[in-house]
Every structure is written in structure tokens, then in C-alpha cells.
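Protein chains in written order, with the numbering used here: chain B, 1 to 152; chain L, 1 to 152.
Where a beta carbon is used, it is the ideal one built from N, C-alpha and C, also for glycine.
Worksheet: the structure to be examined is printed underneath.
Protein chains: 2
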Amino acid sequence: MDKIKQNINGIKIIPLRQINDERGAVYHVLNSTDSHFTKFGEAYFSKINSGVVKAWKYHKEMTQNFSVPYGKLKLVCFDSREDSATYGIITVLFLDPDENYNLIQVPPKIWYGFQCISKQDCLLLNIADISHDPYESMSEGINSSSIKYKWR
Amino acid sequence: MDKIKQNINGIKIIPLRQINDERGAVYHVLNSTDSHFTKFGEAYFSKINSGVVKAWKYHKEMTQNFSVPYGKLKLVCFDSREDSATYGIITVLFLDPDENYNLIQVPPKIWYGFQCISKQDCLLLNIADISHDPYESMSEGINSSSIKYKWR
Numbered sequence: 001m002d003k004i005k006q007n008i009n010g011i012k013i014i015p016l017r018q019i020n021d022e023r024g025a026v027y028h029v030l031n032s033t034d035s036h037f038t039k040f041g042e043a044y045f046s047k048i049n050s051g052v053v054k055a056w057k058y059h060k061e062m063t064q065n066f067s068v069p070y071g072k073l074k075l076v077c078f079d080s081r082e083d084s085a086t087y088g089i090i091t092v093l094f095l096d097p098d099e100n101y102n103l104i105q106v107p108p109k110i111w112y113g114f115q116c117i118s119k120q121d122c123l124l125l126n127i128a129d130i131s132h133d134p135y136e137s138m139s140e141g142i143n144s145s146s147i148k149y150k151w152r
Numbered sequence: 001m002d003k004i005k006q007n008i009n010g011i012k013i014i015p016l017r018q019i020n021d022e023r024g025a026v027y028h029v030l031n032s033t034d035s036h037f038t039k040f041g042e043a044y045f046s047k048i049n050s051g052v053v054k055a056w057k058y059h060k061e062m063t064q065n066f067s068v069p070y071g072k073l074k075l076v077c078f079d080s081r082e083d084s085a086t087y088g089i090i091t092v093l094f095l096d097p098d099e100n101y102n103l104i105q106v107p108p109k110i111w112y113g114f115q116c117i118s119k120q121d122c123l124l125l126n127i128a129d130i131s132h133d134p135y136e137s138m139s140e141g142i143n144s145s146s147i148k149y150k151w152r
């Protein structure tokens with residue numbers, strides 16, 4: 001699995017396979033046999049309208065597995081873990097089905113937000129390792145002063 | 001869970017929730033706490049070009065959980081299980097994100113095929129309870145004489 005890249009400590013960027021033919025394609029997402037698979041909690045889509053920003057969010061316990069089968073998404077992550085080797089780092093990742101068809105695995109305790117940067121809407125699939133639970137997440141406004149990133 | 005409908009014995013049609021706001025939506029898919037959830041094997045997308053038929057396929061062991069977040073899909077299922085109360089039945093189901101946003105759970109030993117019937121391509125998400133294994137599936141051609149359904 002030497003194709004897996006890391007940026008902020010614990011965030012994994014995993015290239016995903018697409019098998020294309022004249023009828024369409026099969027897009028791999030996540031397999032229980034993958035070395036980066038932990039467990040299955042819940043799968044859901046976020047549909048994000050063109051241009052829209054959804055930010056900021058933080059999970060205390062949830063590991064998320066993001067893939068984008070439609071549209072082009074910008075994902076911004078901020079490492080606020082004081083004991084992390086990448087503490088304070090902000091990273092910007094792009095996800096789409098064409099040039100950046102990757103799985104992004106985001107561990108808990110990372111602030112993140114995303115924006116649909118395509119003219120068409122975006123579909124983001126999240127396969128999370130626990131079920132949705134409002135008590136394990138936190139939010140900040142888009143213009144939060146504690147994260148040094150300006151959405152446009 | 002009295003909203004769950006059955007047609008061919010074992011095929012479940014589960015209405016899925018969508019939470020819409022001005023920024024987009026959250027589309028539920030599958031939760032490990034759902035009564036119909038069995039286990040997680042693999043998640044992948046089938047992209048089907050407009051008008052294209054992919055048929056026929058049969059799994060000896062795999063239970064599939066289908067949802068369609070983009071496009072409009074026709075799913076046709078045939079019960080060839082001689083010991084089934086619905087033996088010989090063919091059923092036609094529609095899946096899309098607007099009017100038919102359902103999870104269709106297809107148990108093993110059902111012949112099925114699908115067609116993208118929208119002008120735009122379709123995206124079909126399958127969350128299967130086992131990983132892909134070519135030895136547990138069988139195929140027939142679109143015009144198979146053993147299934148009394150004519151694709152157009």
C-alpha cells in the first residue's frame with residue numbers, strides 16, 4: 001500500500017481504481033479487506049450545491065472516508081491537535097471522479113470543511129466508522145477566527 | 001420498520017431520508033444500526049451511461065444494497081429459486097434521488113439487471129455484504145432465453 005500518501009498526520013489519500021468500458025464504469029470506494037478499513041458505522045451522501053461552502057466541522061470519535069463520484073470538491077483540513085507532528089497545518093485537497101478519484105480518510109479530531117467548486121453540484125459519499133451522533137461533533141462558523149483559512 | 005416493502009421474497013424496498021436545505025442535502029443510505037443491515041463487505045459505484053443496459057447478473061452469496069444518488073435507474077429482478085413463494089416472478093423497480101430515493105436490498109440467488117433511463121448518466125451505489133469475488137457470481141446475456149423480460 002505504498003501508494004497511500006499522508007499529509008496532516010493520520011489523513012490518508014488513497015488512489016481508487018476505476019474500471020471503464022463503453023457502457024460506463026465501476027468506481028471502487030472501500031473494501032473490508034483494505035488495510036485502511038477500520039469498521040462500518042454509516043454511509044451517507046452530502047449533496048453540495050455549486051459554489052456552496054460547508055464548514056467547519058470536527059468529530060471527536062468518527063473516522064471518515066470521503067469519495068466524490070460527481071462534481072469537484074475542495075476539502076480543507078486543519079490540525080488543531082497540540083500533540084500532533086503536523087499541529088497547526090492546513091491542507092487543501094481536491095476530490096472528483098476524473099483527475100482526483102481518491103479516498104480521503106480523515107481521522108477524528110481534525111477540523112474540516114468543503115466547497116463544491118464545479119458548475120454542477122457535488123456528491124460526497126462518506127463511509128464513517130460510527131453512526132451519526134450529534135454529541136461527538138462540534139461546529140464553527142465559516143469565518144471562524146481560530147482557523148486561518150479564508151473561503152472565497 | 002413497517003415502511004419496508006417486499007416484492008420478490010427477500011427483496012426489501014426501504015424509503016431513505018433526505019434532509020434538504022439551501023446549501024444542498026444529506027441523503028441517508030445505510031446505517032449499521034438499521035434492522036436490515038447485515039454486514040459490510042465492499043462499497044462501489046456503477047456508473048451507467050444513458051440508455052445502457054447491464055444485465056443479467058446473479059450472486060450466489062452476496063446481499064446487495066442499492067441506492068441511486070444521480071440519474072434514474074430501472075432495476076429488473078427475476079426469482080429463479082424453485083423453493084420460493086415468488087418463484088418465476090419478475091419485478092421492475094425504479095431508483096432515483098428525487099421520486100424514488102429508496103434502498104433496494106437484493107438477497108443472493110436473484111437474477112437482476114439494470115438500465116439507465118435518464119438523459120444524464122446514472123450512479124448506482126452498492127454496499128455489498130461481502131467483497132467482490134468472481135467465483136460467487138454468474139452472468140447471462142441481455143437476451144437470455146431463460147428470463148422472460150425484454151430490454152428496449
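| query | result |
| --- | --- |
| Entirely within the segment 85 to 126 of chain B and at least 4 residues each: give me those alpha helix (DSSP H) ranges in chain order. | none |
| Verify whether the separation of the beta carbon atoms of Lys60 of chain L and Arg81 of chain L is less than 8 Å. | no |
| Hey, would you say Lys5 of chain L sits closer than 8 Å to Ile90 of chain L, going by beta carbons? | no |
| Please confirm if Met1 of chain L has its CB atom under 8 Å from at least one CB of chain B. | Residue placement at Met1 of chain L cannot be trusted, given a pLDDT of 41 that sits under 50; the coordinates are not used to answer. |
| Residues in the segment 29 to 52 of chain L with C-beta within 7 Å of chain B's C-beta atoms, listed in sequence order? | Val29, Leu30, Asn31, Ser32, Thr33, Phe40, Gly41, Glu42, Ala43, Tyr44, Phe45, Ser46, Lys47, Ile48, Asn49 and Val52 |
| Where Val168 of chain B and Leu103 of chain B are concerned, what is the direct C-alpha to C-alpha distance, given to the nearest angstrom? | Here chain B covers residues 1 to 152 and nothing more, so residue 168 of chain B does not appear. |
| Going by CA-CA distance only, name the one from L:Gln64, L:Lys119 and L:Leu73 that's closest to Ile11 of chain L. | L:Gln64 |
| Is Tyr27 of chain L helix, strand or coil when you go by DSSP? | strand |
| Taking the beta strand (DSSP E) that Val76 of chain B belongs to, which residues open and close that run? | Leu73 to Asp79 |
| Can at least three beta-carbon pairs, one atom from the segment 44 to 59 of chain B and one from the segment 124 to 143 of chain B, be found at a separation below 8 Å? | yes |
| Listed in chain order, which residues of the segment 59 to 89 of chain L have Cβ atoms closer than 8 Å to some Cβ of chain B? | Pro69 and Tyr70 |
| Are Leu95 of chain B and Phe66 of chain B touching if we call contact CB-CB under 8 Å? | yes |
| If you measure from the beta carbon of Ile14 of chain L to each beta carbon in chain B, is any gap under 8 Å? | no |
| Can you check whether the C-beta of Asp121 of chain L is within less than 8 Å of a C-beta belonging to chain B? | yes |
| How close, in whole Å, do the beta carbons of Phe114 of chain B and Leu73 of chain B come, if the pair is a contact with beta carbons under 8 Å? | 5 Å |
| Among B:Ser35, B:Glu42 and B:Ile13, which has the Cα closest to the Cα of Thr38 of chain L? | B:Glu42 |
| Give the single residue among B:Ile13, B:Ser50, B:Asp83 and B:Ser118 whose Cα lies nearest to the Cα of Ser35 of chain B. | B:Ile13 |
| Asn9 of chain L and Ala85 of chain L look like a contact to me (Cβ under 8 Å); what is the Cβ gap, rounded to whole Å? | 5 Å |
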